[in-house]
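According to this note's numbering, the sequence shown is numbered sequentially starting from 641. All C-beta atoms in this analysis are idealised placements derived from N, C-alpha and C, irrespective of residue type, glycine included. A short write-up of the structure that comes next.
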Amino acid sequence: MPGVGSPRMLDVLARPKSRRALLASALLLQAIVLGVGWFATFRIVQRSFAGVVEDIVQEQNVDIARRVADLLPETMGDVEFGSEEWERLQRIIEGESLQALPAGGFICLVEPDGRLLCHPEIRDNPGLRNFSFDGMELSAGLTGSGSSMPLLDAGSMDAPTTGTIDFPGDTHFVGTQPINNDGLRLLVHQPVGAVVDAGRSSTRWVLAFAGVAAVGVLAISGLGLNALMRRYEGAQERLNRQMRDNLRIAQRIQQATLPDTLPTMDGYSFAGVSLPAEETGGDTFDLARSDDGTHVALTIADATGHGIGPALAVSQLQAMAKLAWQHERDPHRIITVLNEHMHASLPDGRFVTAWLGVLDAARGVIRMVSAGQDPQLVYRAETGQVERLSTDTLPLGIMAELPEYEHRTVMLQKGDILLVATDGIAEAAGPTGEQFGVERVIESLRRLAEQGPQAVIDGVLESVRTFSEDAAPDDDRTLIVVQRRPGAAPMRG
């Protein structure tokens, strides 16, 4: 087909000699006008698509950079390549790259001179040590507008910076953050040029289809644009639907691990709840009465983070604890076994806080151990005061063996209440960033103690919702409450 600037085409446009030629000229002019309009419209869509991708990926990079920075040691000093300290950092980088990033993305640690210190592929390709980011510029975005700065100067320890870096053959979105005062720098890379190109190719395909159709009827232009948006929205909806389906399955599996009914026992009342921040959560709890009806096993646990990974960790821990309670009534022995398993199975930097207790109903005594789980509160009905108990040992999974600690028991008198919660309650944030805090939990417990365990849980959750002004929770919220009912006669063991 001759081009617009060819002599033959110009001749047809300038000197129509018949009705057929006039019609052809009119249709051609219409096609050109529509084509220019479509081209301009879809160029805007192309840029919009790139902008959306850029915003999403850069937000992910900031989140990942902050999370990985929290996993790194507080102080490192000079880290020698291949040393034991380097091996620890390399395992963190390798593990987080596999968990947090799509194919082609990676996390790395950079030395002050710009050379790579840790990279997911540096074991198999030691030559990466010679690669340096020195002199590279961090640009504002794909459009090329805005300022740029040297990559090694960007960001601060409490505020990761994002932008783009041009590599040969691709563009990488980069999140960068200095680590402590050691001169090391954390980089999060996601090469998204292929994603943007795919969107542009799809746009050009729809543009060509609509342009041909627009020669016959002007209305095709609107239908073509609608078709483009349907392609984008349809693809996004399919991905969202698939993700929602997967999360619903994971949610059902996790919910099945929570107790369907709470134990009943003369002289005692129980309540428990677990509200995940997402479809799945990193919290769990369990309350189970022994077969002989004399004891109740109590469990509450909180894995770092929330989502599918932590949900799997706490579900596994809860299943092991449930099995162990069937053969053992010493929470200290059980938590030792749980710690050994968590240390062997959790990736570096991950851990689980847990609280285990066993209620001897006849004596009103709870033997307990808290592995980093806080808060633990005891309401004393006789005085109206609330005692805050301290944790006993480290969270599970950090060390292969827990440090020695003293075994603790709590005696519940008539009307006394024990409350144990995960940190999603006390650390719930209000509009100004202030946290709900343990003191407000204590206030709710003291105010509602006489109404029973369920009223305490409902009141605490309602106070948190009011304090946060119904904002979406940042963390899972889980509580268990045990009360020795007022006026109840002690059981005979």
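Under the assumption that isoleucine 1057 contacts leucine 1085 (Cβ atoms under 8 Å), give the Cβ distance between them as a whole number of angstroms. 7 Å
Please report how far the alpha carbon of glutamine 1075 lies from the alpha carbon of glutamate 1109, in whole angstroms. When rounded, the distance between both Cα atoms is 12 Å.
Just grab the DSSP bridge partners of serine 796 for me. Ala799
Counting pairs of Cβ atoms below 8 Å between the segment 973 to 981 and the segment 1032 to 1046, do you hit three or more? Yes, they touch.
Please name the residue, chosen from Phe813, Thr811, Pro790 and Ile819, that lies closest to alanine 799 on a Cα-to-Cα basis. For alanine 799, the nearest C-alpha among the options comes from Ile819.
Note down, in chain order, each residue of its chain lying with its Cβ closer than 6 Å to the Cβ of aspartate 789, except the 5 sequence neighbours on either side. The sequence shown places methionine at residue 789, rather than the aspartate named in the question. Answer for methionine 789: Leu778, listed in chain order.
Cα-Cα separation between glycine 767 and glutamate 720, rounded to whole angstroms: 16 Å
Residue range of the unbroken beta strand (DSSP E) whose run includes arginine 825: 824 to 831
Using the C-alpha atoms, what's the distance from threonine 1118 back to leucine 902? 15 Å
Cβ-Cβ distance between arginine 731 and aspartate 988 below 8 Å: If you check the CB distance, arginine 731 and aspartate 988 come in under 8 Å.
Coarse secondary structure for glycine 767, derived from DSSP in three states: Glycine 767 sits in a helix when the DSSP states are folded into three classes.
Using 10 angstroms around the beta-carbon of arginine 881, count the other beta-carbons present and answer buried if the total reaches 16, otherwise exposed. exposed
Can you have a look at glycine 784 and say buried or exposed, based on whether 16 or more other CB atoms are within 10 angstroms of its CB? Only weak support exists for where glycine 784 lies, its pLDDT of 49 falling under 50; the coordinates are left without a value.
Given 8 Å as the limit, is there contact between the segment 993 to 1009 and the segment 936 to 943, that is, 3 or more CB pairs closer than that? yes
What does DSSP give as the partner residue(s) for aspartate 942 in the beta ladder? Asp923 and Thr993
Using the DSSP secondary-structure output, state which residues sit across from glycine 1037 in a beta bridge. Answer by DSSP bridge pairing: none, since glycine 1037 is not bridged.
Looking at the strands, I want to know which residues DSSP matches up with proline 760. Partner(s): none; proline 760 has no beta bridge.
DSSP on glutamine 966, reduced to helix/strand/coil? Three-state DSSP puts glutamine 966 in coil, outside helix and strand.
Helix or strand or just coil, what does DSSP make of glycine 815? If DSSP states are grouped into helix, strand and coil, glycine 815 belongs with the strands.
Could you give the C-beta distance for leucine 1059 and leucine 1101, rounded to a whole number, given that I count them as a contact under 8 Å? Incorrect: roughly 12 Å between the Cβ atoms, too far for contact.
Find the nearest neighbour of leucine 915 within the set Ser909, Pro950 and Thr924, judged by alpha-carbon distance. Thr924
Of all the options Val828, Leu1088, Gly1064 and Ser1010, which has the alpha carbon lying nearest to the alpha carbon of valine 1050? Comparing Cα-Cα distances from valine 1050 to each of Val828, Leu1088, Gly1064 and Ser1010, the minimum goes to Ser1010.
Report the three-state DSSP secondary structure of valine 1005 (helix, strand or coil). strand
How would you label asparagine 594, buried or exposed, when you count the other beta carbons within 10 angstroms and need 16 or more for buried? Given a span of 641 to 1133 for the chain in the structure shown, any question on residue 594 remains unanswerable.
Can you tell me the Cβ-Cβ gap for arginine 1124 and glycine 1004, rounded? I've got them flagged as a contact below 8 Å. 6 Å
Terminal residues of the continuous beta strand (DSSP E) containing phenylalanine 910? 908 to 915
Residues in its own chain within less than 6 Å of serine 772 by CB, not counting five upstream and five downstream? Gly754 and Arg755
Can the beta-carbon of proline 1015 be found less than 8 Å from the beta-carbon of alanine 1061? yes
Rounded to the nearest angstrom, what separates isoleucine 1082 and alanine 959 at their Cα positions? 31 Å
Count the other C-beta atoms from every protein chain shown that fall within 10 angstroms of the C-beta of glutamate 727, then say buried if there are 16 or more, exposed otherwise. That one is exposed.
Quick one: what's got a C-beta closer than 7 Å to isoleucine 1038's C-beta in the same chain, skipping five residues either side? Phe991
Run the CB neighbour count on glutamine 817, radius 10 Å, all protein chains shown included, and call it buried at 16 or more, exposed below. Buried, by the Cβ-count rule.
Rounded C-alpha distance that separates alanine 961 from tyrosine 908: 22 Å
Within its chain, find whatever has a CB closer than 7 Å to the CB of serine 796; leave out the 5 residues flanking it on each side and keep chain order. Pro818
Could you give the first and the last residue of the continuous beta strand (DSSP E) run that contains leucine 1017? 1016 to 1020
Look at the alpha carbon of phenylalanine 813 and the alpha carbon of arginine 1087, and state the distance between them as a whole number of angstroms. 52 Å
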